[in-house]
Amino acid sequence: MKEQPARSAPLLFTLLAVPPLAWLLLLFAAPLAVIWGYSFGENRTLIDIAITGSWANYARALKPLYLAILLKSLLFAGITTAICFIVGLPVALSIAFAGPRARLALLVAIMLPFWTNLLIRTYALMAILRTEGQINSLAGALWGTVAVPLGAGPFEPLPLINNNFAVLVGLVYVHLPFMVLPLYAALDRLDRSLIEASLDLGAGHLATLWRVVVPLALPGIVSGIIITFIPALGAYLAPDLLGGTNSQMIANIIERQFRSANDWPFGAALSFLLMYLTFIALAVQALAQRRSAAREAQG
Amino acid sequence: MKGDAIICFDGVTKRYGKVLAVDNVSLEVREGEFFALLGPSGCGKTTLLRMLAGFEVPSEGRILIDGQDVTAVPPNRRPVNMVFQNYAVFPHMSVADNVGYGLKVDGVGAAERAARVAEALALVKLDNFGDRRPDQLSGGQRQRVALARALVKRPRVLLLDEPLSALDAKLREAMRTELCQLQAKVGITFVMVTHDQDEALALADRCAVMQRGLLQQVASPSDLYEFPASRFVADFIGSVNLLEGRLVVDEPDHAEIAVAGIAEPLFLDHGVTGAAGTSLWVALRPEKIELHKYDPASPAPPHPGDAPPGRNVVAGTIRHVAYLGSESLYEVELGDGQRLKALRSNLTRWDQEDFALGEAVWLAWHACSPAVLLT
Chain S
192 MKEQPARSAP LLFTLLAVPP LAWLLLLFAA PLAVIWGYSF GENRTLIDIA ITGSWANYAR
252 ALKPLYLAIL LKSLLFAGIT TAICFIVGLP VALSIAFAGP RARLALLVAI MLPFWTNLLI
312 RTYALMAILR TEGQINSLAG ALWGTVAVPL GAGPFEPLPL INNNFAVLVG LVYVHLPFMV
372 LPLYAALDRL DRSLIEASLD LGAGHLATLW RVVVPLALPG IVSGIIITFI PALGAYLAPD
432 LLGGTNSQMI ANIIERQFRS ANDWPFGAAL SFLLMYLTFI ALAVQALAQR RSAAREAQG
Chain D
4 MKGDAIICFD GVTKRYGKVL AVDNVSLEVR EGEFFALLGP SGCGKTTLLR MLAGFEVPSE
64 GRILIDGQDV TAVPPNRRPV NMVFQNYAVF PHMSVADNVG YGLKVDGVGA AERAARVAEA
124 LALVKLDNFG DRRPDQLSGG QRQRVALARA LVKRPRVLLL DEPLSALDAK LREAMRTELC
184 QLQAKVGITF VMVTHDQDEA LALADRCAVM QRGLLQQVAS PSDLYEFPAS RFVADFIGSV
244 NLLEGRLVVD EPDHAEIAVA GIAEPLFLDH GVTGAAGTSL WVALRPEKIE LHKYDPASPA
304 PPHPGDAPPG RNVVAGTIRH VAYLGSESLY EVELGDGQRL KALRSNLTRW DQEDFALGEA
364 VWLAWHACSP AVLLT
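Chains as they are written, first to last, in my numbering: chain S, 192 to 490; chain D, 4 to 378.
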């Protein structure tokens with residue numbers, strides 16, 4: 192039924208499809224192809240790159256120095272995803288089970304950060320976390336009124352910024368909506384009578400969550416995890432602005448190749464290494480989805 | 004003990020904001036009976052059932068099960084189990100896992116669980132279906148899974164929310180009989196919600212009729228039908244001719260009610276409590292009205308059994324005939340234009356043409372047939 196308009200007016204359909212296709216080819220596929228080509232090239236002069244078909248850039252990217260950063264990025268993205276899931280599931284549950292008006296307000300609250308520039312939000316986090324920031328001054332004031340009279344020493348500002356902790360705070364803050372929204376969508380689709388049936392049959396709320404809600408929301412959970420993990424893996428601003436000297440993630444290394452190091456071929460190889468990982472993650476999801484779809488279609 | 008009250012609603016009221024869904028309902032359900040909550044949609048019957056299951060908390064009043072106040076007890080700790088309208092079979096579990104779910108969360112061991120699941124599946128005639136997945140089952144089979152899943156817990160009360168509404172007509176009839184047999188076999192109290200009066204009359208030992216949150220009448224199906232308490236109940240259960248009238252004679256052994264459009268007052272073979280002149284309603288079921296040929300040569304009306312000559316009889320013209328197979332429904336227009344419905348069984352295969360459209364007929368009924376309604 193959906194193909195009907197395309198079939199009845201093929202010319203119009205083609206005409207409508209051309210501009211976006213051209214856009215994608217010109218501004219997405221072509222630059223990507225160029226960068227992919229660079230990843231097999233080497234610098235000749237300062238601005239001239241020869242595509243030699245060598246794997247040298249990939250070999251260099253897999254050296255322990257860079258591999259360690261890649262693994263660390265994977266670890267950070269993994270921790271971020273895990274925290275987002277643990278925090279996001281109750282949030283998504285409470286939105287899905289809120290009344291219609293409260294639900295709208297909560298959804299807007301979740302999406303509100305998207306309407307503010309990421310750079311500005313990250314700077315705001317810097318302001319909050321820095322040594323003289325809001326958290327430290329509040330903690331200092333509390334320390335001064337409670338601990339000092341009890342004989343404690345002067346307040347030592349908490350090390351909240353320029354370290355891995357700050358990077359994780361930033362990553363979780365930025366990526367939480369990416370987890371909450373697909374989880375909410377999955378939970379919203381869930382047939383409420385299944386939850387009631389579980390309660391009716393004697394299961395408590397936790398057992399119902401574990402045995403009924405989570406298994407049935409699994410496709411949403413998987414997309415939430417992937418949609419959070421992929422951008423977190425390539426995060427640039429949080430480690431750059433909030434991290435210390437050893438909180439660099441792979442995106443910061445890539446950026447350095449393209450700018451200060453002016454080594455585009457190596458930067459391209461690092462970028463595509465990240466892309467391959469992303470593709471693998473997506474392939475795993477597609478496979479899982481096809482398997483669950485096949486199971487559903489058995490009837 | 005069978006016959007004792009097992010469920011007691013004590014002045015239960017449920018409000019949603021300003022909307023009164025259930026209005027001060029007090030009701031007892033007896034142990035071992037098949038009880039139906041009957042009413043049009045939005046009458047509060049489902050809310051009442053959901054409060055019994057524990058999904059809704061009454062705004063006022065108490066609910067007792069076995070004499071214990073369960074008003075604040077969560078659904079997972081109540082001795083009742085529910086068969087949901089859409090069955091709510093867990094789609095990610097096999098039939099056996101569905102049925103065994105309630106036992107598993109109760110910590111029943113695997114061996115006992117398997118035995119009880121097999122027993123429950125046999126009870127609903129789904130032996131050998133344990134390994135199937137819900138999407139491989141028909142609607143009727145899914146309902147049986149839902150029944151087995153609830154019964155395996157051996158609840159004190161089984162709750163059924165519109166149990167037959169999603170089945171097609173033939174299956175519905177078969178399932179009616181089966182539900183009755185099942186209830187007799189397990190001996191558990193059944194409480195069913197339905198908007199379908201046929202379903203309630205056919206299945207239930209007793210019915211509660213509700214309207215706009217209020218309990219209208221609680222009675223056996225035959226009492227509801229033959230002795231309705233109000234115009235609403237008379238009209239809701241089955242088909243009825245409702246005539247507005249005025250009490251003119253009220254003696255202990257008979258009463259007479261004047262009805263506009265019928266020359267002689269209606270004659271009843273029992274007294275009515277009320278002063279002469281009281282206005283009231285008479286409910287006359289279509290199948291209790293006899294049709295007789297109108298003979299212009301001898302206009303003397305047929306003798307209507309136990310009423311004095313000339314009473315409980317009125318002339319009219321057939322304006323509509325609905326042939327229903329087993330019976331035919333005639334709409335007869337009286338002299339003043341009002342219409343009465345009369346139902347006649349098609350006892351033989353060739354007399355259906357006997358009373359034709361446009362034909363003049365006598366309508367007659369026995370003195371015991373009309374039900375007098377004060378509200």
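The beta-carbon is built from N, C-alpha and C at its ideal position, and this holds for glycine as well.
Model, not experiment: these values are computed from the prediction.
DSSP beta-bridge partners of residue i
i: Gly319/D; result: Leu337/D, Val364/D
i: Leu221/S; result: Checking the displayed sequence, the identity of residue 221/S turns out to be Ala instead of Leu. Paired residue(s): none; Ala221/S is not in a bridge.
i: Asp253/D; result: Ala258/D
i: Lys263/S; result: Its beta-bridge partners do not exist; DSSP assigns none.
i: Gly232/S; result: Ile242/S
i: Lys296/D; result: Val364/D
i: Met195/D; result: Ala39/D, Leu163/D
i: Trp284/D; result: Glu247/D, Leu376/D
Beta-carbon contacts of residue i that lie in its chain and below 7 Å, excluding the five residues immediately before and after
i: Gly361/D; result: Thr320, Ile321
i: Gln341/D; result: Gly264
i: Arg152/D; result: Asn101, Val102, Tyr104, Gly105
i: Ala205/D; result: Arg179
i: Glu336/D; result: Gly319, Thr320, Arg322, Arg342
i: Ile270/S; result: Leu359
i: Leu465/S; result: Leu424, Gly425, Ile441
i: Leu332/D; result: Pro289, Ala325, Lys344, Leu346
i: Arg215/D; result: Cys46
Close beta carbons around residue i, own chain, < 8 Å, minus the five adjacent residues each side
i: Ile417/S; result: Ala472, Leu473, Gln476
i: Ala479/S; result: Val413
i: Arg18/D; result: Ala24, Ser62
i: Pro394/S; result: Correcting the residue identity first, residue 394/S is Ala in this sequence and not Pro. The answer, listed in chain order, is Arg402, Val403.
i: Ala300/D; result: none
i: Arg159/D; result: Ile9, Ile68, Asp69, Pro82, Val83, Ile191, Thr192
i: Ala359/D; result: Ile321, Val324
Nearest residue (CA-CA) to residue i, options the options
i: Ser329/D; options: Thr351/D, Lys344/D, Cys371/D, Val317/D; result: Thr351/D
i: Pro289/D; options: Val120/D, Gly277/D, Ser242/D, Glu259/D; result: Ser242/D
i: Leu359/S; options: Gly228/S, Leu433/S, Leu381/S; result: Leu433/S
i: His295/D; options: Trp284/D, Ala318/D, Leu283/D; result: Ala318/D
i: Leu167/D; options: Arg179/D, Lys156/D, Val160/D; result: Arg179/D
i: Ile10/D; options: Ser233/D, Asp134/D, Arg65/D, Ala113/D; result: Arg65/D
i: Thr272/S; options: Ala220/S, Asn327/S, Tyr364/S; result: Tyr364/S
i: Met370/S; options: Ala388/S, Pro345/S, Gly411/S; result: Gly411/S
i: His95/D; options: Ala289/S, Pro201/S, Leu385/S; result: Leu385/S
i: Ser462/S; options: Arg251/S, Ile277/S, Pro211/S, Leu372/S; result: Arg251/S
i: Arg157/D; options: Gly248/D, Asp109/D, Ala114/D; result: Asp109/D
i: Pro137/D; options: Asn89/D, Asn315/D, Ser372/D; result: Asn89/D
i: Ala377/S; options: Pro348/S, Leu280/S, Leu206/S; result: Leu280/S
i: Asp431/S; options: Leu372/S, Thr399/S, Ala357/S; result: Ala357/S
i: Ala75/D; options: Val92/D, Gly57/D, Val251/D; result: Gly57/D
i: Asp238/D; options: Val196/D, Leu250/D, Val252/D, Gln220/D; result: Gln220/D
i: Ala99/D; options: Leu150/D, Val196/D, Val252/D, Gly20/D; result: Leu150/D
Sub-8 Å separation of residue i and residue j beta-carbons
i: Gly313/D; j: Glu267/D; result: yes
i: Gly308/D; j: His257/D; result: no
i: Leu327/D; j: Leu287/D; result: no
i: Leu362/S; j: Phe267/S; result: yes
i: Ile260/S; j: Ile441/S; result: yes
i: Leu309/S; j: Leu428/S; result: yes
i: Leu162/D; j: Leu52/D; result: yes
i: Asn248/S; j: Ala460/S; result: yes
i: Gly143/D; j: Leu170/D; result: yes
i: Val285/D; j: Ile260/D; result: yes
i: Ala241/S; j: Tyr375/S; result: no
i: Leu227/D; j: Val189/D; result: no
Quiz item: Going along the region 334-345 of chain S in order, which residues come within less than 7 Å of chain D, judged by CB to CB distance?
Solution: none
Self-check item: Within 8 Å of chain S by C-beta, residues of the region 152-166 of chain D in sequence order
Solution: Arg152, Ala153, Lys156
Self-check item: Under 8 Å (Cβ pairs) to chain S, residues found in the region 224-253 of chain D
Solution: none
Quiz item: For the region 355-377 of chain D, which residues have a beta carbon sitting closer than 9 Å to at least one beta carbon of chain S?
Solution: none
Quiz item: When Cβ atoms are compared, which residues of the region 364-395 of chain S fall closer than 8 Å to chain D?
Solution: Asp382, Ser384, Leu385, Glu387, Ala388, Ser389, Leu390, Asp391, Leu392, Gly393, Ala394, Gly395
Self-check item: Within 9 Å of chain S by C-beta, residues of the region 66-100 of chain D in sequence order
Solution: Pro77, Pro78, Asn79, Arg80, Arg81, Val83, Asn84, Met85, Phe87, Gln88, Asn89, Tyr90, Ala91, Val92, Phe93, Pro94, His95, Met96
Quiz prompt | Residues of the region 400-413 of chain S whose Cβ lies closer than 7 Å to any Cβ of chain D, in chain order | solution = Val403, Pro406, Leu407
Self-check item: Near-chain D residues of the region 275-299 of chain S - C-beta to any C-beta below 8 Å
Solution: none
Self-check item: chain S contacts made by the region 311-345 of chain D, where a contact means CB separation under 7 Å
Solution: none
Self-check item: Residues within the region 103-123 of chain D neighbouring chain S, beta-carbon criterion of under 8 Å
Solution: Tyr104, Gly105, Val108, Asp109
Quiz item: Of all the residues that make up the region 181-202 of chain D, which are near chain S by a beta-carbon distance shorter than 8 Å?
Solution: none
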